[in-house]
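*Asks:*
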Amino acid sequence: MSANDGRELRIIGFLCNWCSYGGADTAGVARLSQPTDLRIVRLPCTGRMDPLFMFKALFSGADGVLVSGCHPRDCHYSEGNFYARRRLELAKRLLPLLGFDQRRFEYTWVSASEGQRWQTVVSKFTDQIHELGPAPKVGRGQRTEIRGQQSEVSAEVGN
Amino acid sequence: MRLGVFICHCGSNIAGTVDVAQVAERAKAYPDVVYSTDTLYACSEPGQEGIVQAIKDYNLDGVVVASCTPRMHEPTFRRAVERAGLNRYKFEMANIREHVSWISKDKESNTDKAADLVHMAVEKLRQDKPLYPKTFDINKRVMIVGGGVAGIQAALDCAEGGLEVILVEKTTSIGGKMAKLDKTFPTVDCSSCILGPKMVDVSMHPNITLYAYSEVEEVGGYVGNFEVSVRKKATYVDWDKCTGCGLCMEKCPSKKSYDAFNEGIAPTTAINIPFPQAIPKRAAINPDYCRQFIKGKCGVCEKICPTGAINYDMQDEMITEKVGAIVVATGYDLFDHSKYGEYGGGRYKDVITSMQYERLLNASGPTSGHIKRPSDGKEPRNVVFVQCVGSRDKSVDRPYCSGFCCMYTAKQTILTKDHLPDSQSYVFYMDIRAPGKQYDEFTRRAMEEYGARYIRGRVAQIYPQGESLIVRGVDTLMGTQVEVEADLVVLAVGAECSQGAGQLAETLRISYDAYGFYMESHPKLKPVETNTAGIYLAGCCQGPKDIPASVGQGSAAASKILALFSKDQLESDPQVAQVNQARCVGCGKCITTCPFGAIQEIQDRGGNPKAEVIETICQGCGLCSVTCPQKAIQLQHFTDNQILAEVNALCQPMMEESFE
Chain A
1 MSANDGRELR
11 IIGFLCNWCS
21 YGGADTAGVA
31 RLSQPTDLRI
41 VRLPCTGRMD
51 PLFMFKALFS
61 GADGVLVSGC
71 HPRDCHYSEG
81 NFYARRRLEL
91 AKRLLPLLGF
101 DQRRFEYTWV
111 SASEGQRWQT
121 VVSKFTDQIH
131 ELGPAPKVGR
141 GQRTEIRGQQ
151 SEVSAEVGN
Chain B
1 MRLGVFICHC
11 GSNIAGTVDV
21 AQVAERAKAY
31 PDVVYSTDTL
41 YACSEPGQEG
51 IVQAIKDYNL
61 DGVVVASCTP
71 RMHEPTFRRA
81 VERAGLNRYK
91 FEMANIREHV
101 SWISKDKESN
111 TDKAADLVHM
121 AVEKLRQDKP
131 LYPKTFDINK
141 RVMIVGGGVA
151 GIQAALDCAE
161 GGLEVILVEK
171 TTSIGGKMAK
181 LDKTFPTVDC
191 SSCILGPKMV
201 DVSMHPNITL
211 YAYSEVEEVG
221 GYVGNFEVSV
231 RKKATYVDWD
241 KCTGCGLCME
251 KCPSKKSYDA
261 FNEGIAPTTA
271 INIPFPQAIP
281 KRAAINPDYC
291 RQFIKGKCGV
301 CEKICPTGAI
311 NYDMQDEMIT
321 EKVGAIVVAT
331 GYDLFDHSKY
341 GEYGGGRYKD
351 VITSMQYERL
361 LNASGPTSGH
371 IKRPSDGKEP
381 RNVVFVQCVG
391 SRDKSVDRPY
401 CSGFCCMYTA
411 KQTILTKDHL
421 PDSQSYVFYM
431 DIRAPGKQYD
441 EFTRRAMEEY
451 GARYIRGRVA
461 QIYPQGESLI
471 VRGVDTLMGT
481 QVEVEADLVV
491 LAVGAECSQG
501 AGQLAETLRI
511 SYDAYGFYME
521 SHPKLKPVET
531 NTAGIYLAGC
541 CQGPKDIPAS
551 VGQGSAAASK
561 ILALFSKDQL
571 ESDPQVAQVN
581 QARCVGCGKC
591 ITTCPFGAIQ
601 EIQDRGGNPK
611 AEVIETICQG
621 CGLCSVTCPQ
631 KAIQLQHFTD
641 NQILAEVNAL
651 CQPMMEESFE
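Those sequence lines, one after another, are chains A and B. Heads up: the first sequence begins at 1 in the working numbering, then just goes up one per residue. Heads up: the second sequence begins at 1 in the working numbering, then just goes up one per residue.
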């Protein structure tokens, strides 16, 4: 909100049904105000999150991608989020290679009871994307981004 | 394809901050959408009828409803479209309430966002295939974890309903916290007199198998077919031979063993039966205190036991039980008051917890029901009760109200007066919370009939002076500081989650909140269900509550299970993985990845290895879809193409913009 200069950016969230989607619902029920940029795709589990979806989104013009699931060891399917963590960490490291700032992609854990944490995650991530501005348009070769520093969301939320 | 879109106003919940008419108008432009409208309450009867009618009138073969979260009403609308003759999976929801209208007041942005979410849902719906559930057999046995009053109630109700019940209790006797209590509020009836018969019923019931001193180690399977490994911990006493005569307790030379049942207020013997009414009434050895284990020699109990039940070489035993449903009733623990340095941090002998006081009051307790100070055994004259110790206090990370402390403190002041007519009780309180039947009247009685002096304010410090303790606090109603000379201080400690609650939740694959209490499926409408089908909650493991509420939840969980088991077969969710045999290269990666063992290797006609999903075991997580290098295995209803279609729906306007 604060960083929103009147123009929305395109942020896509992939959330697991059991924890983070529920956490986002909890935040909604509690009327915890959040920036409006984020559009949420519901997945059964972060283990369903194919890194392809993230790459596809960024290549298609998304400015940021956020993945959120159950806390490690708290997965509804017992170990889906462990797979997610490995896959997504690796995928994140590939981003500079493709010309994207690493900070355009974050993955985090929010449980169904953590409405406030979800509000913080969304607000921080949206701010982060607005700081980065619109993503470079792939295919035009206009500009690439320098590889990212340590992510702000995970540092501040204590992930 | 002919799709219909319904945008719900939800009264003013959505319509207040989203231009629903505009969203409905914009939806008409989305591919395959032939009908789009806004509706006041989509979930109401006229709302659902409107959907059914539109499906018939416009010959629709798919429906999008944009309203609240699918976690709430997806089943409702699925049933509605089914009533109109569509397959229930030809339906998608867009969450424009929790994720849009409730989190921002900016109507323009919200309307854009809602339109995007509807567009995503339409794109996903376009690729939805009709799915059909399979049925599978269920094992009509129940496991109850925890033998407190909630677990006992659930066990008895299930057993009465004809189900086979396995009750697993961590300690050597069932009864839980209620068995330790002297009296219960607001009736001041004897706790063990009302619980005791229920405990005996558990031990006598032909349908109940009791595993005391046992813990759940592993849980596999799914609703209807769980497989649970239970560790029966070694008691060093053969319970088939033990008669509970108690001779070993009389002769045991190691008399300094910690007595967990009496909250450590007095020591017990290393071999003991925790209390006279214990079920099962069997002795167990505490190896931390037993001389045979510490020094390697003693053997007194072995010599004295008339039935030869003692076995020092006993090992833990693992048992596997197959059940169809599980009730978690693991209760709570008491807050550790040593975190409050100002109350002595546990250093003063005469500052005790409410549960320790309860044991002092109890006729079967270490003092046979005589109130004696732990320090010198004298009868106290002035007893000070401090409420909200570990409740409603952010400084110790316990911001919640434990709910029952106001009531049990009032009860304890009444019992104090009954035991010691010359005594005077003082209660330091923040607010009195007595919202139950006869509850407020009860606290009034404590004050008016029994003369307990209630002082509204917090206690700042407790310090010893001579033989007494000085309790210094504030009286916020008088606006003054007060000091009370106390002979005994009772801290009304709050409830916290039981030790190991998080670990058990992970074993059971259920969720817990920030304080370790288990999450119910819906805070209002599904208070005993969890998000894992077939696992139910009862009692304080879900949140602090008093005995009537715990009993109520125990019965509620049992009735849920009886309803579940009233069918012989359950329908499996058809949103499972499916293998495209033509693309599968038989690498077997999905087989090793699947957490449920739901994928097996088969051979096609040419003898080539192929993967095959066992539909009733698959839980629909989609791990395999991502693992498959060929993308041959796809999670139905969440296929790669469907998710990519949603992504494309979102990115399209940006693409046009960026490549103009």
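We put the beta carbon where it would ideally sit given N, CA and C, even for glycine.
#1: Go ahead and pull the three-state DSSP assignment for residue 60 of chain B.
#2: Reducing DSSP to helix, strand and coil, say where residue 323 of chain B ends up.
#3: Give the interface partners of residue 43 of chain A over in chain E, defined as CB-CB distance under 9 Å, in chain order.
#4: If you reduce the DSSP assignment to three classes, tell me which class residue 262 of chain B lands in.
#5: Kindly list, in the order they appear in chain B, the residues whose Cβ is closer than 7 Å to that of residue 79 of chain A.
#6: Residues of the segment 509-531 of chain B with a CB closer than 7 Å to any CB of chain A: list them in chain order, please.
#7: With a threshold of 16 other CB atoms inside 10 Å of the CB of residue 527 of chain B, please say whether the residue is buried or exposed.
#8: Given residue 161 of chain B, which residues of its chain have a CB within under 6 Å of its CB, disregarding the five upstream and five downstream residues?
#9: With a threshold of 8 Å between beta-carbons, can residue 104 of chain B be considered close to chain A, or not?
#10: Beta carbons nearer than 8 Å to chain A: which residues of the segment 107-134 of chain B have them?
#11: In whole angstroms, what separates the C-alpha of residue 158 of chain B from that of residue 565 of chain B?
#12: Using 8 Å for Cβ pairs, my map puts residue 291 of chain B next to residue 338 of chain B. What's the rounded Cβ distance?
#13: Less than 8 Å between C-beta atoms, sequence neighbours within five positions excluded: which residues of the same chain meet that for residue 111 of chain B?
#14: Going straight from the alpha carbon of residue 84 of chain B to that of residue 48 of chain B, what length do you get?
#15: Residue 625 of chain B CB to nearest chain A CB: under 8 Å?
#16: Where are the beta strand (DSSP E) runs, 3 residues long or more, that stay fully inside the segment 119-198 of chain B, in chain order?
#17: Any idea if residue 522 of chain B is buried or exposed, counting beta-carbon neighbours within 10 angstroms, 16 or more meaning buried?
#18: What span of residues does the alpha helix (DSSP H) with residue 610 of chain B cover, start to end?
#19: Which whole-angstrom value is the C-beta distance of residue 154 of chain B and residue 323 of chain B, which I expect to be below 8 Å?
#20: Does residue 24 of chain B come out as helix, strand or coil in the three-state DSSP assignment?
#21: Would you report the Cα separation of residue 95 of chain A and residue 136 of chain B, rounded to the nearest angstrom?
#22: What do you reckon, are the CB atoms on residue 57 of chain B and residue 7 of chain B nearer than 8 Å?
#23: Compare the C-alpha of residue 329 of chain B against each of B:418, B:196, B:151 and B:251 and name the closest.
#24: Could you tell me which residues DSSP puts in a beta bridge with residue 38 of chain B?
#25: Please name the residues in the segment 65-94 of chain A whose beta-carbon is closer than 8 Å to at least one beta-carbon of chain B, in chain order.
#26: Verify the CB distance criterion: does residue 21 of chain A have a CB-CB separation below 8 Å to chain B?
#27: CB-CB under 7 Å to residue 110 of chain A, same chain, minus the five flanking residues each way: which ones, in chain order?
#28: Hey, is residue 272 of chain B close to the ligand ATP, as in C-beta under 7 Å from one of its heavy atoms?
#29: Are residue 539 of chain B and residue 516 of chain B closer than 8 Å when you measure CB to CB?
#30: For residue 293 of chain B, which residues of its own chain have a beta-carbon under 7 Å away from its beta-carbon, when the five flanking residues on both sides are left out?
#31: Apply the 10 Å Cβ neighbour rule to residue 525 of chain B and answer buried if 16 or more other Cβ atoms are within range, or exposed otherwise.
#32: Can you confirm whether residue 29 of chain A, when its beta carbon is compared against all beta carbons of chain B, has any partner nearer than 8 Å?
#33: Tell me the rounded alpha-carbon separation between residue 675 of chain B and residue 392 of chain B.
#34: Which term fits residue 315 of chain B, buried or exposed, when burial requires 16 or more other beta carbons within 10 angstroms of its beta carbon?
#35: Quickly, what does DSSP pair residue 485 of chain B with across the bridge? List them, please.
#36: Would DSSP call residue 118 of chain A helix, strand or coil?
*Replies:* Put simply:
#1: coil
#2: Strand.
#3: This model lacks chain E altogether; the protein chains it does include are A and B.
#4: Note: residue 262 of chain B maps to coil in three-state DSSP.
#5: 595
#6: Under the 7 Å Cβ criterion, the segment 509-531 of chain B contributes 509, 511, 513, 514, 519 and 531.
#7: buried
#8: 562
#9: yes
#10: 109, 110, 112, 113, 116, 117 and 120
#11: Just so you know, the alpha carbons of residue 158 of chain B and residue 565 of chain B end up roughly 10 Å apart.
#12: Actually they do not touch by this definition, with Cβ atoms about 30 Å apart.
#13: 18, 19, 22 and 23
#14: 10 Å
#15: yes
#16: 135-137, 141-145 and 164-168
#17: exposed
#18: Per DSSP, residue 610 of chain B belongs to no alpha helix (DSSP H); it is in the beta strand (DSSP E), 609-613.
#19: Incorrect: roughly 13 Å between the Cβ atoms, too far for contact.
#20: Here residue 24 of chain B sits in helix by DSSP.
#21: About 45 Å.
#22: no
#23: Measuring from the Cα of residue 329 of chain B, the nearest candidate turns out to be B:151.
#24: B:7
#25: 70, 73, 74, 75, 76, 77, 78, 79, 80, 83 and 87
#26: yes
#27: For residue 110 of chain A, same chain residues with a beta-carbon under 7 Å away, outside a window of 5 residues either side, are 19, 20, 23, 68, 117, 118 and 121 in chain order.
#28: The ligand ATP is not among the ligands present in this structure, which contains no ligands whatsoever.
#29: no
#30: 287
#31: exposed
#32: yes
#33: The shown model of chain B, from 1 to 660, leaves out residue 675 of chain B, and the question about it has no answer.
#34: exposed
#35: Beta bridge pairing from DSSP links residue 485 of chain B with B:470.
#36: helix
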